Amino acid sequence: MSLPKVEMTIFETILARRSVRRYKARKIDRTTINILLEAAVRAPTAIHQEPWAFVIIQDKQLLRKLSDQAKPLFLAEARQRGLEHSGHSFEIFNDPDFNVYYDAGTLILICGRASAPFYLADCWLAAENIMLAACAMGLGTCVIGSALPALNIAETKTQLNIPENFLIVAPIVVGYPDDVITPALRKPPVILATLAATLND
Ligand SMILES: Cc1cc2nc3c(=O)[nH]c(=O)nc-3n(C[C@H](O)[C@H](O)[C@H](O)COP(=O)(O)O)c2cc1C
Numbered sequence: 005m006s007l008p009k010v011e012m013t014i015f016e017t018i019l020a021r022r023s024v025r026r027y028k029a030r031k032i033d034r035t036t037i038n039i040l041l042e043a044a045v046r047a048p049t050a051i052h053q054e055p056w057a058f059v060i061i062q063d064k065q066l067l068r069k070l071s072d073q074a075k076p077l078f079l080a081e082a083r084q085r086g087l088e089h090s091g092h093s094f095e096i097f098n099d100p101d102f103n104v105y106y107d108a109g110t111l112i113l114i115c116g117r118a119s120a121p122f123y124l125a126d127c128w129l130a131a132e133n134i135m136l137a138a139c140a141m142g143l144g145t146c147v148i149g150s151a152l153p154a155l156n157i158a159e160t161k162t163q164l165n166i167p168e169n170f171l172i173v174a175p176i177v178v179g180y181p182d183d184v185i186t187p188a189l190r191k192p193p194v195i196l197a198t199l200a201a202t203l204n205d
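Using the numbering used here, the first residue of the sequence shown is number 5, and each one after it goes up by one.
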């Protein structure tokens, strides 16, 4: 596979990556998707299980339908888990016009074979590879965790050709950003301890 020439260093890419929630209509092409998947499968994988598999959705009507299914289920789950008290408002999920996939042209579902002991970790590492590779190529991404309760319903999985023994772990929208992306603000790292050996050891 011929890889794109990117100008950014890995650290510049890490600092530049943001969740993008406004996208241009332009769809990403198959070659770009293949590059992102190639990045995904290079992630570390516990006991070399490579438990991931991918579904690519570029059908706007289907994305809208999946979004409409996602909103009430996410609200129900948020209520059940007491997330309304987290200080974050979920009111937008009641808005019929709100698309949980932000009208992005492409959704990548990272699915994990649930029998693999560290499939969640493996899939999330693959997710970060996709997001960093996308960022370095000038693309925007956003994890859509709120879609998970609806996506993992048996009928939806069947419709998306996902075998029973796989779970959808990381839904990620990808597209051309229609926003100015500014670097993320983060608290400084909390260091609980620094334990260094002394010279006499
Ligand atoms: C597991 C997970 C689930 C997420 N789910 C959503 C989501 O459903 N909708 C959304 O807009 N952003 C979602 N995000 C993105 C976070 O809101 C975002 O990463 C956070 O606000 C930090 O911003 P940044 O990614 O721009 O640095 C999710 C992120 C993670 C890691």
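Where a beta carbon is used, it is the ideal one built from N, C-alpha and C, also for glycine. Note that the structure is predicted; figures quoted are calculated from it, not measured.
query                                                                                                   : result
Cβ shell of L67 (< 7 Å), same chain only, five flanking positions each side left out                    : I61, Y105 and L111
Any non-hydrogen atom of ligand 1 closer than 7 Å to S23 Cβ                                             : yes
Contiguous alpha helix (DSSP H) assignments of at least 4 residues, all confined to the region 74-155   : 123-140 and 152-155
Span of the alpha helix (DSSP H), counted from its first residue to its last, around A50                : Taken as a continuous stretch (DSSP letters only), A50 belongs to no alpha helix (DSSP H), as it is neither H nor E.
With 16 other Cβ atoms within 10 Å as the buried cut-off, status of L7                                  : exposed
Whole-angstrom distance between C115 and F58, CA atom to CA atom                                        : 6 Å
Contact test: C139 Cβ vs ligand 1 heavy atom, cutoff 7 Å                                                : no
Given 8 Å, three or more beta-carbon pairs between the region 136-143 and the region 33-42              : yes
Closer than 7 Å: C146 CB and nearest ligand 1 heavy atom                                                : yes
Classification of G179 by the beta-carbon crowding that lies within 10 angstroms, buried from 16 upward : buried
Cutoff 8 Å; reference Y27; Cβ partners in own chain excluding five residues on either side              : Y106, D107, A108, G109, G144, V177, G179, Y180, P181 and D182
Check: A188 C-beta below 7 Å from any heavy atom of ligand 1                                            : yes
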